[in-house]
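Position 170 of the sequence shown, counting from 1, maps to 169 under numbering that gives the first Met the number 0, and the rest follow consecutively.
By construction, the Cβ of each residue, glycine as well, lies at the ideal position given by its N, Cα and C atoms.
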Amino acid sequence: MASRTAPNRHGPESIEINGEAQPLAKEAQERSKSHGRVAAPQYKHTFAVHSAARTSCLSHDATVVPSFLGFRNLMGLVLVVSNLRLMIENFKKYGILVTLSGSNIRPGDWRWAFFLYLLTPCHLFIAYIIEILAARAAKDVLGAAKRSGDAHPDDHQAKQKREAVFATWKVIANAHAVNATFMLVVATWVVYYKIHNPGIGTFSEFHAVIVWLKVCSYALTNRDLRRAMLDDNTTPAAALPDLYKTCPYPTNITLKNLSYFWFAPTLVYQPIYPMNSTRRWDFILKRMGEFFLLCVLIWIATAQYAVPLLNNSLEDISQLNLINMIERVLKLSTISLVCWLAGFFAIFQSFLNGLAELMYFADREFYTDWWNVSTVRVYWTSWNRPVTNFMKRHVYAPMVSRGVPSTVAQILTFLFSGFLHELLVGVPTHNLLFVAFFGMLLQLPLIFLTDPFAKMKGHNAKLVGNLIFWFFFCVFGQPIAAMAYFFAWQAKYGVESRPTWPLVMGNDTKT
């Protein structure tokens with residue numbers, strides 16, 4: 000066996016053969032020196048290929064983890080090619096289904112949607128009028144208490160007046176409740192009975208729910224600010240955030256302040272927000288361009304791919320053909336995932352960031368890295384931060400502070416969220432199936448199922464939790480919900496050959 004010794008600075012002078020150093024040929028040494036490189040061994044077939052203990056780079060005991068960039072590129076290429084094949088197959092079978100005619104939209108739908116768009120924000124200004132009256136009453140009692148306190152520290156009359164103001168808060172709270180509830184009820188009734196198109200109905204109901212949440216936050220926040228002003232409590236627990244000192248109550252009760260909150264990309268009211276000093280118009284135009292293109296993508300994916308697939312699923316659902324139904328769900332999962340991801344990026348990254356830039360709004364944590372979550376609990380607190388902030392501040396935290404157990408408060412919060420989800424899906428489709436509502440309730444067992452994965456050490460536990468999340472949301476959850484509401488819509492408003500409910504629901508004849 001032969002091995003080469005380490006070269007010195009002038010090149011090798013010998014090789015070791017069977018433990019003995021042998022000089023290289025003089026000519027080889029001269030050539031080595033002249034070319035400035037180490038000469039190759041004289042005996043080519045004796046080079047020691049296996050000279051150390053090494054592991055395969057994909058083995059668990061590998062010391063260095065290799066990069067998988069090539070596999071990622073391959074998977075991306077396979078995904079593109081596979082979907083390109085499906086697009087060609089879809090075009091050969093159906094042609095171009097996307098149209099700009101809008102023939103399926105009734106003229107009355109546009110009129111009612113425009114009416115709701117103008118009417119709904121009016122309830123914000125009704126809340127503003129209520130808060131003006133409440134602020135005046137609070138300032139009157141505060142002034143009376145200060146005057147009485149200067150002359151008579153224990154003045155009984157001032158104390159009674161303060162208690163009377165606190166008693167009027169029930170009237171103020173009831174006025175806010177009636178205002179907000181009336182707005183939501185009217186909008187829901189109009190969408191359900193007057194707006195036929197589910198797309199326009201979804202936009203109108205979505206707008207109504209957003210304004211309703213803003214009205215609730217405006218009323219609840221100002222109630223606590225008013226009480227903090229009257230209580231004059233100096234304990235650390237009663238201290239207001241330092242940010243509010245630049246706009247103390249009731250100086251925040253202005254039309255300008257409310258109008259900013261109306262357009263601000265948040266559902267939580269504050270007297271003042273972190274603000275930027277400049278506005279970048281190029282940033283706004285880019286975000287709005289992204290929003291438009293993603294909306295077009297969702298529209299094409301829905302009209303060209305989702306609708307034919309759903310129409311072809313109607314007979315299988317009517318006959319309860321389980322195998323075909325599973326196949327349709329798996330096919331629909333890809334389309335629904337594309338629409339969902341595009342919708343998420345369009346709303347939370349493009350639209351809200353563009354709106355925030357327009358409004359100088361500095362806090363732009365509209366989401367965190369929810370795609371990496373290993374538990375369903377973390378997902379619901381990271382993918383939609385505006386709603387999460389509202390639920391935590393105005394629903395969950397007040398219940399816990401009143402002694403409600405944390406688990407019960409979570410369940411009640413999910414019930415409330417499920418109610419809102421059903422409004423946003425069931426009302427525009429004119430079918431209150433409560434699939435969205437119970438879908439939210441099913442998140443509770445998923446939370447308890449995936450919570451242990453976050454506590455486990457190691458990468459595999461988090462990987463399993465993440466896979467469970469993706470499966471139940473994108474493969475199992477959304478496609479089934481979409482199929483259920485589409486089937487109900489076609490059964491109610493479809494063509495003459497529309498499907499009937501399955502036999503399990505007691506209907507065995509076609510209408």
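- Two segments are said to touch when three or more pairs of C-beta atoms, one from each, lie closer than 8 Å; by this definition the region 206-223 touches the region 110-125.
- Within the same chain, Cβ atoms closer than 8 Å to the Cβ of residue 487 are found at 428, 430, 432, the five residues on either side in sequence being excluded.
- Residue 274 carries a strand assignment under DSSP once its states are collapsed to helix, strand and coil.
- When the Cα atoms are used, residue 493 and residue 445 turn out to be separated by approximately 35 Å.
- Secondary structure at residue 418: helix, using DSSP grouped into helix, strand and coil.
- Segment contact: the region 244-257 against the region 305-315, fewer than three CB-CB distances shorter than 8 Å; contact not assigned.
- By the C-beta density criterion, residue 426 is buried, having at least 16 other C-beta atoms within 10 angstroms.
- Sequence-distant Cβ neighbours of residue 424 in its own chain, meaning closer than 6 Å and more than five residues away, are 435.
- The secondary-structure analysis by DSSP pairs residue 360 across a beta bridge with 274.
- The alpha-carbon separation between residue 54 and residue 61 amounts to approximately 6 Å.
- Per DSSP, reduced to three states, the secondary structure at residue 186 is helical.
- DSSP places residue 196 in the coil class of the three-state scheme, outside both helix and strand.
- Nearest to residue 89 by alpha-carbon distance, out of 334, 271, 459, 274, is 334.
- In this structure residue 115 does not touch residue 258 by the C-beta definition: roughly 19 Å separates them, more than the 8 Å allowed.
- Residues 267 of the same chain have their beta carbon placed closer than 7 Å to that of residue 392, with the five preceding and five following residues left out of the count.
- For residue 480, the enclosing alpha helix (DSSP H) stretches over residues 477-492.
- Rounded to the nearest angstrom, the gap between the Cα atoms of residue 69 and residue 75 is 10 Å.
- Residue 294: member of the alpha helix (DSSP H) spanning 280-299, first to last residue.
- In the DSSP assignment, residue 94 falls outside any alpha helix (DSSP H), carrying neither H nor E.
- In the three-state reduction of the DSSP assignment, residue 403 falls in the coil class.
- Counting along the chain, residue 377 sits inside the alpha helix (DSSP H) bounded by residues 375-379.
- With fewer than 16 other Cβ atoms from the protein chains shown falling within 10 Å of its own Cβ, residue 277 counts as exposed.
- The beta carbon of residue 133 lies closer than 7 Å to those of 171, 225 in the same chain, with the five residues before and after it left out.
- Note that the region 292-306 touches the region 78-97; at least 3 beta-carbon pairs, one per stretch, sit closer than 8 Å.
- Distance from the CA atom of residue 205 to the CA atom of residue 109, rounded to whole angstroms, is 15 Å.
- Straight across, the Cα-Cα distance linking residue 398 with residue 346 is about 30 Å.
- Per DSSP, residue 303 lies in no alpha helix (DSSP H) and is assigned neither H nor E.
- A direct Cα-Cα distance of roughly 32 Å separates residue 402 from residue 273.
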